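S.K.: What follows is a structure written as structure tokens; I'll ask about it next.
Number of protein chains: 4
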Amino acid sequence: MARIAIVGGTGYTGVELLRLLAAHEAAEVVAITSRAEAGRRVDDLYPNLRGFYDLAFTEPDDKLLAECDVVFFATPHNVAMQSVPGLLAAGARVIDLSADYRVRDAQLWSRWYGEPHTSADLLQQAVYGLPEANRERIRDAQLVACPGCYPTSILLGLKPLLANDLVDSQHLIASAASGASGAGRQAKIDNLLTEVDGSFKAYGVGGHRHLPEIEQELALFAGHPVQLTFVPHLLPMVRGIHATLFATLTDAHRDLQALYEETYADEPFVDVLPAGMFPQTRTVRGANRCQISLQVPQGRDTVVVMSTIDNLVKGASGQAIQNMNIMLGLPETMGLDQVALLP
Amino acid sequence: MARIAIVGGTGYTGVELLRLLAAHEAAEVVAITSRAEAGRRVDDLYPNLRGFYDLAFTEPDDKLLAECDVVFFATPHNVAMQSVPGLLAAGARVIDLSADYRVRDAQLWSRWYGEPHTSADLLQQAVYGLPEANRERIRDAQLVACPGCYPTSILLGLKPLLANDLVDSQHLIASAASGASGAGRQAKIDNLLTEVDGSFKAYGVGGHRHLPEIEQELALFAGHPVQLTFVPHLLPMVRGIHATLFATLTDAHRDLQALYEETYADEPFVDVLPAGMFPQTRTVRGANRCQISLQVPQGRDTVVVMSTIDNLVKGASGQAIQNMNIMLGLPETMGLDQVALLP
Amino acid sequence: MARIAIVGGTGYTGVELLRLLAAHEAAEVVAITSRAEAGRRVDDLYPNLRGFYDLAFTEPDDKLLAECDVVFFATPHNVAMQSVPGLLAAGARVIDLSADYRVRDAQLWSRWYGEPHTSADLLQQAVYGLPEANRERIRDAQLVACPGCYPTSILLGLKPLLANDLVDSQHLIASAASGASGAGRQAKIDNLLTEVDGSFKAYGVGGHRHLPEIEQELALFAGHPVQLTFVPHLLPMVRGIHATLFATLTDAHRDLQALYEETYADEPFVDVLPAGMFPQTRTVRGANRCQISLQVPQGRDTVVVMSTIDNLVKGASGQAIQNMNIMLGLPETMGLDQVALLP
Amino acid sequence: MARIAIVGGTGYTGVELLRLLAAHEAAEVVAITSRAEAGRRVDDLYPNLRGFYDLAFTEPDDKLLAECDVVFFATPHNVAMQSVPGLLAAGARVIDLSADYRVRDAQLWSRWYGEPHTSADLLQQAVYGLPEANRERIRDAQLVACPGCYPTSILLGLKPLLANDLVDSQHLIASAASGASGAGRQAKIDNLLTEVDGSFKAYGVGGHRHLPEIEQELALFAGHPVQLTFVPHLLPMVRGIHATLFATLTDAHRDLQALYEETYADEPFVDVLPAGMFPQTRTVRGANRCQISLQVPQGRDTVVVMSTIDNLVKGASGQAIQNMNIMLGLPETMGLDQVALLP
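Residue numbers (the UniProt record's numbering), protein chains in the order written: chain A, 1 to 343; chain B, 1 to 343; chain C, 1 to 343; chain D, 1 to 343.
Below, the structure is given as structure tokens:
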């Protein structure tokens, strides 16, 4: 059994790691840290875990973390980059679910996150943990930067178009919507049920922090810089991301349905839907899966791609475990075969 | 007091007309028809109306309808066009909330609605009831075709750009989302709470019936045909439409915020938000109001316009009453000064 | 026009007072205070108010408050009791929406609210602002303690039974449920959409702060002390309270439907539904109304009463305005004739 | 591998059986029937099942069903009783999730379900499938009547009190609330999102069809007839039942917390929460688990028990599989170890 530690486990990606790892045959959570909740049993905070874990939150302890096979950081940004250099030096392997190591350009990172990057030398070494793009490099990585939730849905949705040079890469559009769990478990008025329920809005229209990592990875698909207009929206619900992607086709003759099916034929967690079936967030709820479909309305020159994930699973904790499986040489799907909860 | 009749009053636009007209000083509902519920009191079906109406649904009776000052059709498509020719001949004035008279080209209508138009000769006479575009023609109209909910939000959002020739009109994009009341009060599995709640999806991506009326009216703004890619989505909530509109700027130097504020300065029901404030559907819930804001992310050449209405008010029944006020020479805002219900 | 001030206007009862008073013909809000938001326009915080108020939050200023005709306190408990003594001395009339003056026994208040009552001498003078029980005393009151949301629904539901000595008053049961807006607009993790949506739970089962005021007022109906088991629940929605009340009948022969209809025949805001129709929170959403129905299942000796209000209207701000109307000698229904928003 | 058939698999209990059985090591679904959807792939109707089943709905075929090891009926009432006699005669073992065999008295059944019972002779043979009450009899049963969702939560909540004669059994009260999936996947206006969302109501107050089976089983716990006032409510959410149970204590000295913990100490799917922790429906969402807590407010003589299940799991399909495990001699928990999905 691989020994697993989770740093910052009180948030939703933390409890989701615990839910998924409870069913994992080859990994065992031996430590979960939280300064705020140290000493409290995890099943007192999260009663859905009663009977599955006999574990309490502890103060962070780098020495103990370094003895684990894999350390997950389920922390806000700016936390992992304080501890990761030491852990790597001590030989640990780290999967960071936060934004700290996703952007390779430290200056760009600083501009979007509003503070200096204290561990910039590791940015080139970190592997962007999207297995469908970087599987081989993840295998041997010591530090994996797990993608954000919006990026995962958008990158998987646009990859076939950009990798095959089929669209105008300077006018890509992503109109995406997220359930409120994407904002984490933080005491903010904006995220109260009374503020979010029964309503819908765009936010961060001037610039969302996920934009730089999305454009960075899209550029790798395209082989050159791209421009994306990214508008996130907040949904009155808990889980799920739905990205509606628009691009102007430069090649009208390609069979896009076939292209998408071929691209993802061997991917266990990307499901290209049959033509005419559109994804819903609920059909991936709780599952480590991205469902994608596409359409060219009225046979014009704009292609619409719809891409759906559960932001806490394929958009965070499930993807982190997928990365862990690859890093540990385990079957990539181990512990990730949950059927989505519907209705 | 103007005498008002409502045909097909059991749906959500019907009860919303009743809610709004209960507060109208110069109009009185004297008849409301429904074949299915004839004989039943309206406040038995809709207990929120108890104490406000002493009225029961009746069988449709064209003679009685013709004696009213204004007849609202709150019916599914294909109903109004059966009765309207006779009512107009009898001198009635009609406001049709359905789709029957919105598209001026009968063949185009038939292609999208799947049946012949039985009253095509009235299509040229009907006025598209968007006061912000056609106020003068509405004043004397005998037949007003009240716009659909998606069209209202999209048309008001794009008008300033097209009327001033500022964007590529052949690649307009509308990523719009609607609350479930847009689908009406019909017994369909797809609209059950268990199917819609906690989930989000696109639908009608290959072509939604609101597309032809939107492109028709956008073309009038632009002075030439336009092409719009329109993707509607279903929100897990009751009321509200949010349209996120994208267009490529052909003129980068125009002050768009000022343009929008000037365009709508005298419009009582269009509220251009200050720069940096984005609309939410809840801030217009229950109110006859469209709130709009815009942004040019990263100073590139794509403009994003966000436009929000309550689909049952400015997107249907409120707009119908706004049209009625204009037709009757009443103050346009009469009975339409509700503050949105928040939270 | 009566000059109105609102103290602590940033919460949901504050914005609801503003929404309702915007339509009031004889009252004008001249001041609204908030330490946290002083200087900010109210329509910047609450964009649904754009166009209705040209008003900004100000620092509290007792001198200015004392010049108003009525001062509403829309504050958490323990705030009003600091300022009210001074305001009363200066001649102001106060309607307190908080809990500070609802319980006549200062020691009892202190036990439930965990701090000493600093204005205990006013407790006997304060009138409990449930017009359906205390209309005459409210008329001349200088200080009205507006009831809580649970109490309003429960008191109106049980009054006819207790006032007519028809049930075992020592084993009353209230199983009540509230929308999340009852918890106010505070940054607490427990009230996040992600914590509340899609779930249901009881809370405060060991003792909720509304219990003492409910038992106090029920005892006045009964003429002797009563015992109530009160279990509140949190609903995954914004507005509405539904109380399901159970009592053992001691008199099986009384026509309870008739009794309820007679009791509330002249009450403009209490609507006893016809036998067999049950209330829903949505049929009173946004309206100052309590809808009640009752049933004796299987003809046994347990009566079930269902009582529904909008917690922010008849359970708070609407009731406060109803009290204001009575105090100012205005028609009791002035500004309170909104039709509930349905769907 | 046990060969499993599901009759009437298009509803929510059907898809839930498929979700749970996908993870079951010793059972395989070989047939799923539906007249309406015969020929359609199950993963076309339920895209969450893509990749898990290569199966289409078929017309019912009693011969094929009889060859299976276990046949689940996930049908509306009045369907199973047409086919079950033949299947039993052919040697099949049946688990009926509908109401057809839950009430032992055929006349009582007919009174509540409004039609004659066509298979009354099997009522005595059928075992009420609540393993926590009837485990031994289930083991060898040929026909198991799986309890309804409300009954499961109420029976488990009240069993310790009645079995130990601690309360007034003639004045039991159950104020229970269910998510909308309890009403099934049927095209009814009452269950539209627009009718249910953002609202709460009681229903069936005069008498709900689950009452006779609840009183029947409670009487078995008590050893004599009981009287229960049962008021169900509809929650604006998809999954979950929460029963709030009230009873008057006749013995004030018993340690009820200890009693409950002892009663359920060996039950794998009943979790008595620590004193002071109250259950939430979300902490059992998707899990085959009942969480229970209790309280005696203000130390008076009324005990409040809260009991929560997922109506589609422990209230239907999960419980059915638990019964199947017992009948097949498998570990009772096999395939039922899902962690609840939270948030």
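Glycine residues also receive a C-beta, built at the ideal position from the N, C-alpha and C atoms. Here the structure is a predicted model, which means the values were calculated and not measured.
Measuring straight from C-alpha to C-alpha, what distance separates PRO331 of chain D and ASP266 of chain D?
M.R.: 14 Å
S.K.: Pick helix, strand or coil for LEU166 of chain C, following the three-state DSSP scheme.
M.R.: Under the three-state reduction of DSSP, LEU166 of chain C is assigned to coil, being neither helix nor strand.
S.K.: Would you check if the segment 6 to 25 of chain B and the segment 67 to 76 of chain B touch, i.e. whether three or more CB-CB distances between them fall below 8 Å?
M.R.: yes
S.K.: Mind reading off the beta-carbon distance from ARG254 of chain D to LEU166 of chain D? Whole number of angstroms is fine, and I expect it under 8 Å.
M.R.: 6 Å
S.K.: Taking 9 Å as the CB-CB limit, is TYR12 of chain B close to chain D?
M.R.: Against chain D, the CB of TYR12 of chain B has a partner CB under 9 Å away; the residue lies at that interface.
S.K.: Grouping DSSP H, G and I as helix and E and B as strand, with all else coil, what is PRO47 of chain A?
M.R.: helix
S.K.: Considering only residues of the same chain and omitting the five flanking positions on each side of PRO212 of chain D, which have a CB-CB separation below 7 Å?
M.R.: VAL103, LEU108, TRP112
S.K.: Is VAL196 of chain A close to chain C, meaning its C-beta is less than 9 Å from at least one C-beta of that chain?
M.R.: yes
S.K.: Count Cβ pairs between the segment 130 to 149 of chain C and the segment 308 to 317 of chain C that sit closer than 8 Å; are there 3 or more?
M.R.: yes
S.K.: Quick check on the DSSP output: the alpha helix (DSSP H) that includes ARG135 of chain D runs from which residue to which?
M.R.: From DSSP, the alpha helix (DSSP H) with ARG135 of chain D extends over 131 to 139.
S.K.: In this structure, how does DSSP classify MET277 of chain B when only helix, strand and coil are distinguished?
M.R.: coil
S.K.: Tell whether a beta-carbon distance below 9 Å holds between GLU217 of chain D and PRO225 of chain D.
M.R.: no
S.K.: Could one say the Cβ of ILE309 of chain B lies closer than 9 Å to chain D's Cβ atoms, at least one of them?
M.R.: no
S.K.: Within the chosen definition, does the segment 193 to 207 of chain A reach the segment 280 to 296 of chain A through at least 3 CB pairs nearer than 8 Å?
M.R.: no
S.K.: Taking DSSP's pairing of strands, which residues face VAL231 of chain A in a bridge?
M.R.: A:SER175
S.K.: Which residue wins for smallest C-alpha separation from GLN280 of chain C, given the options C:THR244, C:THR13, C:THR248, C:GLU261?
M.R.: C:THR244
S.K.: For the 8 Å Cβ check, are there 3 or more pairs between the segment 321 to 328 of chain C and the segment 135 to 143 of chain C?
M.R.: yes
S.K.: Establish whether the CB of VAL205 of chain B and some CB of chain A are separated by less than 9 Å.
M.R.: With 9 Å as the cut-off, VAL205 of chain B counts as an interface residue toward chain A.
S.K.: Could you please give the first and the last residue of the uninterrupted beta strand (DSSP E) stretch that includes ALA5 of chain A?
M.R.: 2 to 7
S.K.: Which two residues bound the contiguous beta strand (DSSP E) that contains MET306 of chain A?
M.R.: 302 to 309
S.K.: So if I threshold CB-CB distances at 9 Å, which residues from the segment 44 to 75 of chain B count as touching chain C?
M.R.: ASP44, TYR46, PRO47, ASN48, LEU49, ARG50, GLY51, PHE52
S.K.: Could you give the residue range of the alpha helix (DSSP H) that holds THR263 of chain C?
M.R.: 256 to 263
S.K.: What are the residues that DSSP puts in a beta bridge with GLN216 of chain D?
M.R.: GLN216 of chain D is not bridged to any residue.
S.K.: Between the Cα of PRO268 of chain B and those of B:THR333, B:GLN319, B:GLY276, spot the shortest distance and give me the residue it belongs to.
M.R.: B:THR333
S.K.: Should THR33 of chain B and GLU59 of chain B be called a contact, given that it needs their Cβ atoms to be closer than 9 Å?
M.R.: yes
S.K.: Using a Cβ-Cβ distance cut-off of 9 Å, determine whether PRO236 of chain C contacts chain A.
M.R.: Output row for PRO236 of chain C: interface = yes.
S.K.: Give every residue of the same chain whose Cβ lies closer than 8 Å to the Cβ of THR283 of chain C, excluding the five residues on either side of it in the sequence, and list them in chain order.
M.R.: GLN291, THR308, ALA340, LEU342
S.K.: Taking GLU16 of chain C as part of the alpha helix (DSSP H), name the residues at either end of that continuous run.
M.R.: Unbroken alpha helix (DSSP H) run through GLU16 of chain C: 12 to 21.
S.K.: State the start and end residues of the unbroken beta strand (DSSP E) segment that holds ALA31 of chain B.
M.R.: Looking at the DSSP string, the run of the beta strand (DSSP E) that includes ALA31 of chain B is 27 to 33.
S.K.: Interface residues of chain B around THR302 of chain A at Cβ under 9 Å?
M.R.: HIS171, ILE173, GLN227, THR229
S.K.: Starting from SER293 of chain D, trace the alpha helix (DSSP H) in both directions and tell me its first and last residue.
M.R.: From DSSP, SER293 of chain D is part of no alpha helix (DSSP H) but of the beta strand (DSSP E) over 290 to 295.
S.K.: State yes or no: is the C-beta of ALA161 of chain A within less than 9 Å of the C-beta of VAL303 of chain A?
M.R.: Note that residue 161 of chain A is Leu in the sequence shown here, rather than Ala. A contact, by the Cβ cut-off of 9 Å.
S.K.: Taking Cβ positions only, does PRO279 of chain D come closer than 9 Å to chain A?
M.R.: At a cut-off of 9 Å between C-beta atoms, PRO279 of chain D counts as an interface residue with respect to chain A.
S.K.: When the Cα atoms are used, what is the spatial distance from residue 374 of chain C to VAL296 of chain D?
M.R.: Any property of residue 374 of chain C remains undetermined from this structure, which presents chain C solely from 1 to 343.
S.K.: Determine the closest residue to PRO232 of chain C out of C:ASN191, C:GLN125, C:GLY179, with distance taken between C-alpha atoms.
M.R.: C:GLY179
S.K.: Look at the alpha carbon of VAL94 of chain D and the alpha carbon of VAL84 of chain D, and state the distance between them as a whole number of angstroms.
M.R.: 7 Å
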